[in-house]
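In our numbering, the protein residues as written are 159 to 494. Glycine residues also receive a C-beta, built at the ideal position from the N, C-alpha and C atoms. This report refers to the structure that appears directly beneath it.
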C-alpha cells in the first residue's frame, strides 16, 4: 500500500468514527443539549442545562442557587419550594452575571431569592464562551458541542452504561438541576494523614472575579432581588487557607457586599466522626445529600445569625476562630 492510500484510508476511517460518535452523541444527548434523547435519564454535568432553567423562569417563581459540586445536592425535593440549582455553570461570577443580564423583566420578577456559594474555586475564569440564552436553534446547539471533547465522550459512555446497558444508577440530574442521589446519608472513611498544603496565590489574580461578583451584588440590589452568600462546609481535618479566605472577603466587604454565612466548620457536622467514618460527608469537602440540604435550609434559608458574618471586625473574629481550630487538629490540610 502506498503512503497516499494509507493516508487516505486512515483519514476516512478517523472521520467515519468521529461522525458515528457525533451521531450517537446527538441521539443519546448525554448533556441534555438537544432535549430529544433516546434515553430517559441524563448523567452529564453541563452548563447547557441552564438554558432550560432560563426558560423555567418565564413560567413560575423560583429561588436560584449558584455554586459548585459542593452545592449541587441542594434540591427542591428537600427544601419544599421552587428552586433552580445552577451548579452546572460552576458558580463562576462572570457566568452568573451573563445569565442574569439576559433575563427580561418578567424573569427578574420571578426570582424569589438568589443564593451564591463563594469559595476561591468559584472565583476562577475558565475562558469558555458565554451561553446565549436567547438563541435556541439546532445550529447553535451543534456549535456548542463541537468539537466533541474527551469529557463529552465520557458522558456518552456513561449514559450508554446506565441507560442502555442498565447498570445500577447511583445519581442523576433532577428537573431543578440538582444532583439526585439514591444514598442520601452516604458517609466516608478518612484514615490517611493529610499533609499540609498551601496553594500559591495572589489576591490580585482574583480581582476580575471579585469585581464581577460585586457587579452581581449591585445588579440584585438595583432590581430588589434578595441575595445571600455562603461558604462550603469541610470535614474537620480539612480547612481552607484562612489568609486566602480573609483576603477574599475583605475585598468583598470593601466593595459593598453586606454579609455572608461562614460554614467551613459546623460543630456536630464537620466533627461528626465514628471510627474514622465521617457520617455527614461523601469525601473530605462534600456533604452528603441530607446534610447539605439541612444546613442550607436551617442556616442559609432561615437566616441563622450564629453563622452570619456582617463586617470586617466579625470576619477577623471568624478567621481567628478557624486558626485556633487548625492548631488543635492532629491533621492539617489547607484546602480550597
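For residue 226, the CB contacts under 7 Å within the same chain, skipping 5 residues up- and downstream, are 245, 248, 249, 275, 279 and 280 in chain order. Between residue 308 and the set 479, 179, 468 and 166, the nearest pair of CA atoms involves 179. Between residue 270 and residue 236 a beta carbon distance of about 17 Å is seen, past the 8 Å cut, so the two are scored as non-contacting. Contact holds between the stretch 302 to 319 and the stretch 181 to 201, because three or more Cβ pairs, one in each stretch, are under 8 Å apart. Along the stretch 181 to 248, the beta strand (DSSP E) occurs as fully enclosed runs of 3 or more residues at 220 to 224 and 241 to 243, listed in sequence order. If you keep only unbroken beta strand (DSSP E) runs of at least 3 residues inside the stretch 296 to 354, you get 329 to 331 and 337 to 339. In the DSSP assignment, residue 375 falls within the alpha helix (DSSP H) that extends over 365 to 380.
Scanning its chain for C-beta atoms nearer than 8 Å, with the 5 sequence neighbours on each side dropped, one finds around residue 468 the residues 416 and 417, in chain order. Among the bridge pairs identified by DSSP, residue 439 is matched with 445. For residue 279, there is no enclosing alpha helix (DSSP H), as DSSP marks it with neither H nor E. Boundaries of the beta strand (DSSP E) around residue 385: 384 to 388. Going by beta carbons, residue 414 and residue 375 fall inside the 8 Å limit. Beta bridge pairing from DSSP links residue 432 with 435.
Taking C-beta atoms as the reference points, residue 423 and residue 390 fail to come closer than 8 Å.
The DSSP assignment places 400 to 413 as complete runs of the alpha helix (DSSP H) inside the stretch 385 to 424, in order along the chain (cut-off: 4 residues). Only residues of its own chain outside the window of five on either side were considered, and among them 186 and 187 have a CB closer than 7 Å to the CB of residue 195, listed in chain order. Going by beta carbons, residue 345 and residue 395 fall outside the 8 Å limit. Per DSSP, residue 457 is not a residue of any alpha helix (DSSP H), being assigned neither H nor E. Residue 381 and residue 234 have their C-alpha atoms roughly 24 Å apart. In this chain, the alpha helix (DSSP H) harbouring residue 257 covers 251 to 259. For the 8 Å CB-CB criterion, residue 371 and residue 230 do not form a contact.
Counting the other CB atoms within 10 Å of its CB gives residue 217 a total below 16, which places it among the exposed residues.
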